[in-house]
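One structure below.
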Amino acid sequence: MLDLFARLTLQSPAPGEGGLSFFLLIGGMFLIMYLFMIRPQVKKQKEAKTFREGLKKGDKVVSIGGIHGKVVDMNERTVLIQVDGAKIRVEKTALNPAGEASEEDIKANT
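Using my numbering, you'd call the opening residue of the sequence shown number 1 and step up by one each time.
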């Protein structure tokens, strides 16, 4: 019995066995990674770029720090936002569109 086990473990696989399945497995892993990680990130970056290019005075924005404000002035790289009477200059890349407040949020804040 031990002799049979030793022979089976020491035998080398037949040439060409498993090569195609290995490459299919690796290719499938890259495909899944592309579909679930890379593609959505690229789509999100395109949407953010479109938002920043279409930014105009009066738009409501949220900075990456969570500051909500309204666009007052802007140039190529920076935007001046007004927050409760104060004006803050931030990079365009640090802004996201402000979502509309839901009825639940309004009720919770009153």
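C-beta: ideal position from N, C-alpha, C; glycine also. Note that this is a predicted model, so its numbers are computed, not measured.
With 16 or more other Cβ atoms from the protein chains shown falling within 10 Å of its own Cβ, Gly69 counts as buried. Listed as beta-bridge partners of Arg77 by DSSP are no residues whatsoever. The Cβ neighbour count for Leu95, taken over all protein chains shown within 10 Å, is at least 16; the residue is labelled buried. Below 8 Å, too few C-beta pairs join the stretch 22–40 and the stretch 56–63 to call them touching: fewer than three. For Lys49, the enclosing alpha helix (DSSP H) starts and ends at 39–53.
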